[in-house]
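One structure is given below, encoded as structure tokens.
Protein chains: 2
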Amino acid sequence: MEFKLLRLDLSEWKALEEKVPESILRKYIGGRGLGAYLALKEIPPHIDPFSPENKIYILTGPLTGTGAFESGRYHVVGKSPLTGILGDSNSGGQFGPWLRFAGYDGVVIEGKSDEPVWVSIVDGEVQFHPAKKLWGKGVVYTERLIRKEMKTPSEHIGSILSIGPAGENLSKIAAIMNDKYRAAGRTGLAAVLGSKKFKALFVKGSRKLEPVDKEKFRKESKKVIEKISSHSISEALGKFGTAVLVNIINSHGAFPTKNWTYGTFEKAFEISGEYLAEKYLVSNKGCWGCVIQCSRVAKVDKGPYRTPVSEGPEYESIWAMGANTLIGNLEALIKLNYLANDLGFDTISLGNTVATLMDLYEKAKKGELPEEKAKELFSLLEDIEPEWGNADAFIQLVWRIAYRHGIGDLAAEGAKRLGEYFEKPEVPIHVKGLELPAYDPRGINSMALSYATSNRGGCHLRAYAVSFDVLGAPEKYDPLKIDPKKVELVKYQQDYFSVIDSLVVCKFNTFATDHTDYVGLLQAMTGWEDLTADELLLTGERIYNIERLFAVREGHGYQDTLPKRLLETPLPDGPAKGRTAKEYLDAYLPKFYELRGWENGIPKPETLERLGLEEFIYIVK
Amino acid sequence: MEFKLLRLDLSEWKALEEKVPESILRKYIGGRGLGAYLALKEIPPHIDPFSPENKIYILTGPLTGTGAFESGRYHVVGKSPLTGILGDSNSGGQFGPWLRFAGYDGVVIEGKSDEPVWVSIVDGEVQFHPAKKLWGKGVVYTERLIRKEMKTPSEHIGSILSIGPAGENLSKIAAIMNDKYRAAGRTGLAAVLGSKKFKALFVKGSRKLEPVDKEKFRKESKKVIEKISSHSISEALGKFGTAVLVNIINSHGAFPTKNWTYGTFEKAFEISGEYLAEKYLVSNKGCWGCVIQCSRVAKVDKGPYRTPVSEGPEYESIWAMGANTLIGNLEALIKLNYLANDLGFDTISLGNTVATLMDLYEKAKKGELPEEKAKELFSLLEDIEPEWGNADAFIQLVWRIAYRHGIGDLAAEGAKRLGEYFEKPEVPIHVKGLELPAYDPRGINSMALSYATSNRGGCHLRAYAVSFDVLGAPEKYDPLKIDPKKVELVKYQQDYFSVIDSLVVCKFNTFATDHTDYVGLLQAMTGWEDLTADELLLTGERIYNIERLFAVREGHGYQDTLPKRLLETPLPDGPAKGRTAKEYLDAYLPKFYELRGWENGIPKPETLERLGLEEFIYIVK
């Protein structure tokens, strides 16, 4: 197993090739796991995330771009400017595979360039280019200009990763974009690239990725692909995209509405995947090598929300920018999604931040903000009227946030800091600074534990408890019933998903598979014939712990909780009416710590020993 | 008479004070005249307007900020990136006076800074400040941040000149802004400041401006102020603002509509000054020391075009962004005006450029563009649908042009270059590269001569022939009748207005005054007791010739003509139906050259001798 890492020193515009030792790969696999390990080793504690000492790891895993199903993804890791702890995010499209075809399994962005720069890697050949003419540009136009420069007009050949103006202007809710419409959105790592003046990375090449045991790889791949392609959730995702969840989650009363005030949205159907398919869908689409094809290609032909043929919107984007702000117009959401992608935002964080602003605006008008703060808010708004449901104001806001004009200068800092600035820290809904995604834990109780203990902050992708609490995969639980078995399931998902993100394959596989399905594949790919299922799951646990160690080292060990509104205010509507998240979290958290071998959220030394993390025990002592 | 010039060398962040010799002042007065002289002496021929060798002269005149009426203005001069010849523009508000109060009568911006910079001048003390945090920001927010930094929150104290993102991103239609909503808009000089990385200039101070003969100055001032304040046009301007012209010019069939296709607009009333006053006006307002108060303060409370209390819109902005694009919604125009100001655009050039784009889009859909060009246009548009009358598309476009995204990257170059790029050079309506203002010369025939012979390109402010052809000041002519007397009037206005722009006072004085009214004032201010009315008018002629010499030196002497559409296509509607501008221009131009002592647009050596411009005869030889 070979893993070629390319270090790009932006301070010197120099590239250095490096091979990751196989012993490290065996312990951390690739992608998210390898990124967490390297970040903990290489990023000094307590640095400003915008200092040149921060690094961004753009990593594939051993399965990326191979004949393995759903392997068109890559993972990004670095210290997050939004949360102050380890940030990471994952994205699909074509970029991951093309990075490997270009000759490298990972790229590390280091240092800081004096002037804007972009880099091309073509069949192992690395070139630094001045990016002055790309700086300030949207993602779509940036890709156009780079493809022109690289004489590679076809979007089927090569791939581009870039940041938009949001990242350039150090917005803490900026997303790293690739293939125009795909986002490694969470934790604001695009702003770290912005701080390094790194605009884009073009990759192209013809390197072959050969498994050690081709025949076994083919067989294993076939076996798993059948599981996935025949699963009912895969089918639903292909048909209606991720937005198939709108009606499902809404019917469970867990569809956060009006900045997490309600659990149902009266206009849910009008922003659902079904409605999208009926009115605006051009086709479905998949990432590299995908059988599910959950991505949407949509357009709006006419009117104020005209949008060209483009990808999206996903469930999370529709929810965050829609129900959570009371915008029930799907055309407006398609347009907003296009703009958010083009200017380079994490749509979950953006939607939450705008919902926070709308909430603050309402409170200011009611006289519930300190007088001076209300006055400042009104004045900073200029031509924006952030009333609930005002799509036109939101569209204008996207520009103002991207370029940090007026109120946008504050909103660019994310929901938490926006709320704090106006002395209403309880208004923004976040965990550890990261805005929460589209599931109210008061209505899906395992999500309370999943959110609170996520290592990157408010996130549904560390443990997607919706899978068993709502969708019945692998089996159905009652989302409102407290059940100790769910703690085990959350922990299992956290560990299993750590493996998934390190291989790197798509998490949508996990409705149909468990960790045992990957053992044969990884053996065949790497030649690690003695790899067992238990070792693989332990590797996941190791990764989950090493991420936590990064937070502990930063002094962030004790924040496994939820926002006050979710903990204390009962849901006023829907099937989960009257529920709070406190009851769930109180029931689950102690057992979770026990299972993990953590004390108050901090791994015990013996836990680290058990996981082979002895070298990091110093952090918890 | 003292004139203190401050040279700001941005390359070294150094300031150097200099006194302009009185002999030069007597020949060029100040403002526009002094700027033209200095530019011709100091800016080398044939340089790229974005090279560090270009200079921007920000100048007041002897009457600026004094007790003289309407003296709240300043003038800017430099080599224009839009036209390639001498560019200049004039703006009101408070900046001119405050610059003088701060201790200087003019500032020259020279060289080029490595990093964004802004400068403050407080009672003669000059300070350079890094402007990294202001770069990319809109004008309104920039002023807010600077006032915070300078601890001068009240907008009645001190003043700020700045550029918006349009200027930073070298848009050739960018405006230099001051006092948030006032623009030295024409000829794109903001982009020159952008190329020098100069963001803003804050001025404040308490220098007294004393006339040599105070008593005489007071008397002269009183005499002229009575003339102005009692004039009916002054009254109308105070009541309805410049947009009082909408209905007047429309009724003459000279209100350019749909990119100069028609001469009347069916929705003219709905975008008129009268309608504005009825629906959206908060108050009227004036520049420093003004009795006319033609400026508007307006707002839109609710809806997609919400706009906070802010200044404007003016007649030209309403026309260019409205009738010329078929947008007949005044709320949308108020919002567009706000955005155009905030992002730093010349609204005349912006409106014409967007009208050009709409025209090209229509032609592309009809198959009248080369196929490859049409394809490129459609692809570059992204989410913009530039259909006639589409205000939402225009709003989105303002952002895209300011930051040069997609089609905005081309539109930022102005109408002429946009039309040429798509191989339709006849679509943009301009003279010498400068987009034309709101009067169709087919319906107001003296404007044909005024536009064609304007030294800065398509402009109504070198000779405002509308004054006599339409408004009857000083006396009424038939706008459709060819009358050789009008050639003399145009020439007179060109010379007289050169004086006005050099004094510097407001051109709205000229409805009620002529050049003789300023002799006593200037005598009293400067102590030039032997100054005569003839000398003053000759000075105006000298200035008009020296501007022309700049163009001749650049090789642009022979472009005294009009766009093909105006020359050849008869107006299809209104009172001027059937007229073309060719008939007028053919009748007027030869006589004009004769009066001026020019040959084919180039001053004859003997003319330069007569004007005391011997040192520049080398240019025409």
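For the protein sequence lines, the chains are A and B, in the order given. Following the working numbering, the numbering of the first sequence begins with 1 at its first residue and continues without gaps. Following the working numbering, the numbering of the second sequence begins with 1001 at its first residue and continues without gaps. All residues carry an ideal CB built from backbone N, CA and C; glycine is no exception. Small disclaimer: the values here were computed from a predicted structure and weren't measured.
- Each of B:1082, B:1310, B:1013 was checked against the Cα of residue 1120 of chain B, and the nearest Cα belongs to B:1013.
- Residues of chain B with a Cβ closer than 8 Å to the Cβ of residue 329 of chain A do not exist, since the nearest Cβ in that chain sits about 12 Å away.
- Only those residues of the segment 293-310 of chain A whose C-beta falls short of 7 Å from the nearest C-beta of chain B are listed: 304, 306, 307, 308.
- Residue 173 of chain A and residue 571 of chain A have their C-alpha atoms roughly 28 Å apart.
- Residue 150 of chain A and residue 1563 of chain B have their C-alpha atoms roughly 39 Å apart.
- Using a Cβ distance threshold of 8 Å, residue 192 of chain A and residue 45 of chain A do not count as a contacting pair.
- Taking 7 Å as the Cβ-Cβ cut-off, the segment 1121-1143 of chain B approaches chain A at 1136, 1137, 1138, 1140, 1141, given in chain order.
- Here residue 1254 of chain B carries a coil assignment [DSSP, helix/strand/coil].
- Taking a C-beta distance under 8 Å as the contact criterion, residue 289 of chain A and residue 295 of chain A do not qualify as a contact pair.
- Here the alpha carbon of residue 1437 of chain B sits roughly 48 Å from the alpha carbon of residue 315 of chain A.
- For residue 241 of chain A, the CB contacts under 6 Å within the same chain, skipping 5 residues up- and downstream, are 273, 294, 296 in chain order.
- Under the 8 Å criterion on CB atoms, residue 1371 of chain B is classed as non-interfacial with respect to chain A.
- Here residue 129 of chain A is buried: its Cβ has 16 or more other Cβ atoms, across all protein chains shown, within 10 Å.
- Taking a contact as a CB-CB distance under 8 Å, the pair residue 545 of chain A and residue 613 of chain A counts as one, their CB atoms being some 6 Å apart.
- Listed in chain order, the non-local C-beta contacts of residue 1509 of chain B below 6 Å within the same chain comprise 1070, 1228, local neighbours out to five positions each way being set aside.
- Taken in chain order, the members of the segment 1151-1181 of chain B whose beta-carbon sits within less than 8 Å of a beta-carbon on chain A are 1165, 1169.
- Residue 471 of chain A sits in coil when the DSSP states are folded into three classes, being neither helix nor strand.
- Judged by DSSP secondary structure, residue 289 of chain A falls outside any alpha helix (DSSP H); it is assigned neither H nor E.
- Taking a 10 Å sphere around the C-beta of residue 267 of chain A, we find 16 or more other C-beta atoms and assign the residue as buried.
- The C-beta of residue 48 of chain A comes no closer than 8 Å to any C-beta of chain B.
- Non-local beta-carbon contacts of residue 565 of chain A in its own chain, meaning distances under 7 Å to residues more than five positions away in sequence, involve 260, 426, 429 in chain order.
- Annotated three-state conformation of residue 99 of chain A is helix, per DSSP.
- Distances from the CA of residue 1354 of chain B to each of B:1607, B:1258, B:1307 were compared; the closest alpha carbon is that of B:1258.
- For the C-beta of residue 1421 of chain B, not a single chain A residue is nearer than 8 Å; the gap to the nearest is close to 15 Å.
- In the displayed model, residue 284 of chain A falls within a strand according to three-state DSSP.
- Residue pairing for residue 1298 of chain B: DSSP places it in a beta bridge opposite B:1281, B:1310.
- For residue 1388 of chain B, none of the residues of chain A pass the 8 Å Cβ criterion, the least Cβ distance being about 14 Å.
- Secondary structure in the segment 56-135 of chain A: the alpha helix (DSSP H) runs of 4 residues or longer, each lying completely within the stretch, are 95-101 in chain order.
- Residue-level contact by beta carbon fails for residue 1118 of chain B and chain A, as no gap is shorter than 8 Å.
- Contacts with chain B at 8 Å (Cβ-Cβ) include residue 404 of chain A.
- Within the same chain, 55, 57, 77, 78, 79, 86, 550 come within 8 Å of residue 39 of chain A by CB-CB distance, once the 5 residues on both sides are set aside.
- Identification of chain B residues near residue 383 of chain A by a Cβ-Cβ cut-off of 9 Å yields 1300, 1305, 1306, 1307, 1308, 1310, 1335, 1338, 1339, 1342, ordered along the chain.
- Per DSSP, the beta-bridge partners of residue 1435 of chain B are B:1430.
- The count of Cβ pairs closer than 8 Å, one atom from the segment 197-216 of chain A and one from the segment 158-172 of chain A, reaches three, so the stretches are in contact.
- Going by C-alpha positions, residue 1600 of chain B is about 26 Å away from residue 1034 of chain B.
- DSSP lists B:1018, B:1106 as the beta-bridge partner residues of residue 1005 of chain B.
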